[in-house]
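A quick write-up on the structure given underneath.
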Amino acid sequence: MDDLAGSSGSFMRNTATSASAESSSSSLSIFSNYPLISALVAFAIAQSIKFFTSWYKESRWDLKRLVGSGGMPSSHAATVTALSTAIGFHDGLGGSPFAIALVLACVVMYDAFGVRLHAGRQAEVLNQIVYELPAEHPLAESRPLRELLGHTPTQVIAGGLLGLGTAAIGHWIVGSSGQA
418 MDDLAGSSGS FMRNTATSAS AESSSSSLSI FSNYPLISAL VAFAIAQSIK
468 FFTSWYKESR WDLKRLVGSG GMPSSHAATV TALSTAIGFH DGLGGSPFAI
518 ALVLACVVMY DAFGVRLHAG RQAEVLNQIV YELPAEHPLA ESRPLRELLG
568 HTPTQVIAGG LLGLGTAAIG HWIVGSSGQA
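Using the numbering used here, read the sequence shown as starting at 418 and increasing by one per residue.
Written out as structure tokens, the structure is:
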């Protein structure tokens, strides 16, 4: 009976050590997760483009453009397109991960140029109405609504192309480094 207890204790220590090693390697594997990195890089590129185009158009730096929504190109579209494309390259087009990512991308892009675009246009109208109110009206001093919420179809397509390109370049880099 002591042998059994001793061997099960040894088994538990080995299992714990193995689980700890797997946990350590899996936490480091996030840095080599090609779909995740592709999505984050596409987001960063899209936001950087918005930041610099804002500076070019307005001749001033607007740090809000680094994290804000709306504008050219759509960072939402770039992110989800890069994610779904990278998953397609990495896991194939026939699996559930690609199907989930593709549906997510379609929903996000539809929302970007549908619902959010129209919400932004409604915010413009409401801000104009509030601006024209007499000074004594209770809403006259209300804070303006954000108008730059959604994207035009062109901005969404540009973001999608950026995401596609980012994932393709990432696939080429990952593929060429794996052959060396």
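Even glycine gets a Cβ: it sits at the ideal position worked out from N, Cα and C.
- Judged by DSSP in its simplified three-state form, N450 adopts coil rather than helix or strand.
- In the structure shown, R538 adopts helical secondary structure according to DSSP, grouped into three states.
- Counting every other CB atom within 10 Å of its CB across the protein chains shown gives L510 a total below 16, marking it as exposed.
- Less than 8 Å separates the beta-carbon of S492 from that of A463.
- Taking C-beta separations shorter than 7 Å and ignoring five residues to either side along the sequence, the partners of P570 in its chain run F530, following chain order.
- Counting along the chain, A522 sits inside the alpha helix (DSSP H) bounded by residues 513-530.
- Residue L581 holds the alpha-carbon nearest to the alpha-carbon of S501 among I590, G587, A536, L581.
- Here the C-alpha atom of V497 lies approximately 19 Å from the C-alpha atom of F448.
- A552 sits exposed, since fewer than 16 C-beta atoms from the chains shown fall within 10 Å of its C-beta.
- Taking a contact as a CB-CB distance under 8 Å, the pair I454 and G587 counts as one, their CB atoms being some 7 Å apart.
- Distance from the CA atom of A459 to the CA atom of V591, rounded to whole angstroms, is 16 Å.
- Of the other Cβ atoms in all chains shown, fewer than 16 fall within 10 Å of the Cβ of F469; this residue is therefore exposed.
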